[in-house]
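Data first, discussion second: the structure below is written as structure tokens.
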Amino acid sequence: MRNFFGSCLLSALIGLFAAPGYASDREREARLVAEIEANIFDGEVIRLDAEGVEFAGVEMAPTDEPRGAVILMHGRGFHADWPENIGPLRVALSEAGWHTLSLQLPVLEKTAKYFDYVPILPEALPRIDAAISHLKAQGIDRIALLSHSCGAHMAMLWLEKSSGNGIDAFIGIGMGATDYKQPMQHPFPFASLTIPVLDLYGERDYPAVHRLAPERLAL
Numbered sequence: 002m003r004n005f006f007g008s009c010l011l012s013a014l015i016g017l018f019a020a021p022g023y024a025s026d027r028e029r030e031a032r033l034v035a036e037i038e039a040n041i042f043d044g045e046v047i048r049l050d051a052e053g054v055e056f057a058g059v060e061m062a063p064t065d066e067p068r069g070a071v072i073l074m075h076g077r078g079f080h081a082d083w084p085e086n087i088g089p090l091r092v093a094l095s096e097a098g099w100h101t102l103s104l105q106l107p108v109l110e111k112t113a114k115y116f117d118y119v120p121i122l123p124e125a126l127p128r129i130d131a132a133i134s135h136l137k138a139q140g141i142d143r144i145a146l147l148s149h150s151c152g153a154h155m156a157m158l159w160l161e162k163s164s165g166n167g168i169d170a171f172i173g174i175g176m177g178a179t180d181y182k183q184p185m186q187h188p189f190p191f192a193s194l195t196i197p198v199l200d201l202y203g204e205r206d207y208p209a210v211h212r213l214a215p216e217r218l219a220l
């Protein structure tokens, strides 16, 4: 009997450590990427490697010499070419002379809230690093990071860990967006940054975004 339970425990441990190192919904992410591929008009879907995990991005180069590059990070429940926000934004930036790369970020089920996403925020960090390396390999050294909503939480965690090394500016849209009675679990990282930061939010944005605006400004 002891050997039986020992074998079961050993099998469980082997399975645990052999499991993929991510907790996000990879199947839903694949469906979102398939949706992008079926509907994309401007730019192309590319694949990048983030520490052994393949992920998609939507890349679009301007017609003339680029002014620089913008890495875009979408909000919760969206994908890298969402037609109501990140999609038109990346196209407009490309038409204005910027090389754009919109990242498909880790996702959870549709009903997931901010607290559900906190454990998977680190999964986005190697994706940002991979995007920067991809752009620099093309000779683009002037890079801005633009993020929205949940993408901003992921970007801010990356900024906290990296101090913004590899980028020249950060643009956050709707920073601090969380759900009711779910306060931010990571502080705003701006006090330690030496790069320019642009803080954008809308009149009808999340209450927390408005409430925390003075705190962001003070940093």
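Start counting the sequence shown at 2; every next residue gets the next number (my numbering). Even glycine gets a Cβ: it sits at the ideal position worked out from N, Cα and C.
Handout entry: Alpha-carbon to alpha-carbon, residue 163 and residue 59
Key = 24 angstroms
Problem - 4-residue-minimum alpha helix (DSSP H) runs that sit fully inside the segment 128-171, ordered along the chain - result: 151-163
Exercise for the section: Decide if residue 190 is buried, meaning its Cβ has at least 16 other Cβ atoms within 10 Å, or exposed. Expected result: buried
Handout entry: Nonlocal neighbours in the same chain, by C-beta distance under 7 angstroms from residue 180, ignoring five residues either side
Key = 114 and 115
Problem - Backbone CA spacing between residue 17 and residue 125 [nearest angstrom] - result: Legend: pLDDT at residue 17 = 35, less than 50; position of this residue unreliable, value from coordinates given subsequently. C-alpha separation (whole angstroms): 22 angstroms.
Problem - Contacts around residue 20, its chain only, beta-carbon distance under 6 angstroms, and the 5 residues preceding and following it disregarded - result: Annotation note: pLDDT 41 at residue 20 (below 50); position unreliable, coordinate value reported separately. Cβ within range, chain order: n/a, list empty.
Exercise for the section: Could you please give me the residues that DSSP links to residue 26 through a beta bridge? Expected result: Residue 26 is not bridged to any residue.
Problem - Whether residue 119 touches residue 186 by CB criterion (8 angstroms) - result: yes
Handout entry: 7 angstroms CB neighbourhood of residue 122 in its chain, flanking five on each side removed
Key = 154, 155 and 158
Handout entry: Residue span of the alpha helix (DSSP H) that contains residue 217, given as start and end
Key = 214-219
Problem - Pairwise C-alpha distance: residue 68 and residue 183 - result: 39 angstroms
Problem - Anticipated Cβ contact below 8 angstroms, residue 104 with residue 133, distance rounded - result: The Cβ separation is near 11 angstroms, so there is no contact.
Exercise for the section: List the DSSP bridge partners of residue 56. Expected result: 49
Practice task
Please check the pair residue 243 and residue 210, which I expect to be a contact at CB under 8 angstroms, by giving their CB distance rounded to whole angstroms.
Solution key: Only positions 2 to 220 of the chain appear in this structure, which leaves residue 243 out of reach.
Handout entry: DSSP-derived helix/strand/coil call for residue 180
Key = coil
Problem - Chain-order list of residues whose beta-carbon lies under 7 angstroms from that of residue 78 (same chain, five-residue window excluded) - result: 111
Practice task
Can you tell me which of the three DSSP states residue 73 falls into?
Solution key: strand
Practice task
Output the boundary residues of the beta strand (DSSP E) element that contains residue 200.
Solution key: 198-201
Exercise for the section: From the DSSP output, in three-state form, read off residue 211 for me. Expected result: helix
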